[in-house]
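Numbering (the numbering used here), first residue to last: 4 to 365.
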Ligand SMILES: Cc1cc2nc3c(=O)[nH]c(=O)nc-3n(C[C@H](O)[C@H](O)[C@H](O)COP(=O)(O)OP(=O)(O)OC[C@H]3O[C@@H](n4cnc5c(N)ncnc54)[C@H](O)[C@@H]3O)c2cc1C
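This is how it looks when you write it as structure tokens:
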């Protein structure tokens, strides 16, 4: 068992974690980046979610688009260039109750003065034949979990597409896809939607969306060259099966943030996304910052993940410089545990009383 002590420890090597590494390495903070090894079941891959996609057409700076894994290789090389240290191991336990924070692995114990969590979120999948990544299925070749990312690709334009789900995500994905598709079939297991009224109304009024009720997808069909060609459907009321031709299937049954390790220690929303303070990446534990999809159930894009990765590195840097950083309650806190108001006008004493923060005003 080896013990390491570091000023900045980052968990996760997707766009958020690697951007945090680039910034903190350039700030000479010698970050240690820990990532889980590739695990198909737990959906972890060093490099993050973009490792399972092909064309990324919307990451700025690549006019002709870039392959997901090639983009992440560039991120990693840039982080390495400034001296980021990498460790590929499962973290089995974390203790955020006092600083330095403690991270336990099979072969290492790491103590961290600041921790940047960038563990991302995983799309939920149906677990049906044909859904896995190529070559085991058609994942990345007609099967996607992100319409914003993949909908505009040429293979989906002016084609009939399928969206699976009944919540807000499914309504949003289906509505978005009608910009490109000739028709979108929205397949849902029940005869009622879970989505909010406003999202339902929008989807139900869209003439390009065809609702297929009380129906499950049993299998995604396709060919190695062409990719997805259709889906096998089963009506859950009549048990009747049929094939619906389609050039693409978008699974829109939600996402699961990778936050199990931090449950009970960090404030989260009801789904498990980590809550951060205002326009910063600060969590409820001073010195712990969260960036990327793990704290963003809304935008979930590589560029927004990278943006918040930059913010987390700057927040950690500020904290290590003994400067106050924002807390969810609206006050700010320093490394020494001093609390100040957000306008820096007053110091908040442990008993709640206020002392002016500007001696010249006393
Ligand atoms: C199929 C697909 C296509 C996409 N296409 C696009 C696109 O074209 N454009 C775009 O902008 N966005 C796209 N996205 C979304 C984009 O990939 C994500 O928004 C982005 O990757 C989020 O970055 P992140 O760094 O927050 O997290 P992730 O990329 O999810 O990275 C999280 C990292 O944390 C690691 N990890 C997780 N749990 C643990 C743990 N317990 N211990 C240690 N490490 C852990 C994982 O191994 C992973 O390396 C796509 C997503 C998918 C699924």
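Every residue, glycine too, gets a C-beta built ideally from N, C-alpha and C. Since the model is a prediction, treat every value here as computed from it, not as a measurement.
Any non-hydrogen atom of ligand 1 within 7 Å of residue i CB
i, result
"residue 212", "no"
"residue 62", "yes"
"residue 69", "no"
"residue 17", "yes"
"residue 147", "yes"
"residue 48", "yes"
"residue 37", "yes"
"residue 14", "yes"
"residue 223", "no"
"residue 178", "no"
"residue 313", "no"
"residue 291", "no"
"residue 267", "no"
"residue 280", "no"
"residue 51", "yes"
"residue 296", "yes"
"residue 9", "no"
"residue 20", "yes"
Nearest candidate by alpha-carbon position, reference residue i, set the options
i, options, result
"residue 222", "274, 86 and 167", "167"
"residue 92", "78, 82 and 108", "108"
"residue 252", "141, 126 and 212", "141"
"residue 95", "265, 240 and 289", "265"
"residue 57", "67, 71 and 50", "71"
"residue 228", "143, 82, 214 and 26", "143"
"residue 177", "209, 60 and 357", "209"
"residue 153", "197, 170, 139 and 55", "55"
"residue 134", "255, 326 and 360", "255"
"residue 202", "195, 349, 342 and 174", "174"
"residue 312", "279, 324, 336 and 327", "279"
"residue 325", "331, 332 and 339", "339"
"residue 224", "40, 8, 146 and 328", "146"
"residue 85", "32, 327 and 148", "32"
"residue 296", "258, 328, 321 and 148", "258"
"residue 60", "47, 52, 74 and 302", "74"
"residue 432", "230, 6 and 243", "No answer is possible for residue 432: the residues shown for the chain start at 4 and end at 365."
"residue 306", "62, 101 and 249", "62"
"residue 322", "301, 11, 124 and 260", "11"
"residue 194", "183, 182, 219 and 186", "219"
Whole-number beta carbon distance between residue j and residue i, since they are thought to touch under 8 Å
i, j, result
"residue 150", "residue 104", "At roughly 37 Å, the Cβ-Cβ gap does not stay under 8 Å, so residue 150 and residue 104 are not in contact."
"residue 236", "residue 26", "Rounded, the Cβ-Cβ distance is 48 Å, inconsistent with contact."
"residue 38", "residue 16", "4 Å"
"residue 119", "residue 309", "Contact doesn't hold; Cβ gap of about 13 Å is too wide."
"residue 271", "residue 262", "6 Å"
"residue 215", "residue 233", "No, residue 215 and residue 233 are not in contact; Cβ-Cβ is about 13 Å, not under 8 Å."
"residue 250", "residue 158", "7 Å"
DSSP three-state assignment for residue i, whether helix, strand or coil
i, result
"residue 131", "coil"
"residue 100", "coil"
"residue 226", "strand"
"residue 350", "strand"
"residue 117", "strand"
"residue 264", "helix"
"residue 296", "helix"
"residue 273", "coil"
"residue 357", "strand"
"residue 163", "strand"
"residue 126", "strand"
"residue 338", "coil"
"residue 30", "coil"
"residue 48", "coil"
"residue 65", "coil"
"residue 148", "coil"
"residue 235", "strand"
"residue 330", "coil"
"residue 196", "coil"
"residue 41", "coil"
"residue 142", "strand"
"residue 22", "helix"
First and last residue of the uninterrupted alpha helix (DSSP H) at residue i
i, result
"residue 6", "First-last for residue 6: 5-14, but that is the beta strand (DSSP E), not the alpha helix (DSSP H)."
"residue 323", "305-323"
"residue 175", "171-180"
"residue 213", "Unbroken run through residue 213 is the beta strand (DSSP E), 212-215; no alpha helix (DSSP H)."
"residue 71", "71-84"
"residue 204", "200-207"
The beta strand (DSSP E) enclosing residue i, as first and last residue numbers
i, result
"residue 244", "244-248"
"residue 35", "35-38"
"residue 188", "186-190"
"residue 253", "251-254"
"residue 88", "88-91"
Heavy atom of ligand 2 within 7 Å of residue i beta-carbon
i, result
"residue 55", "With respect to ligand 2, the structure shown offers nothing to examine, as its ligands consist of ligand 1."
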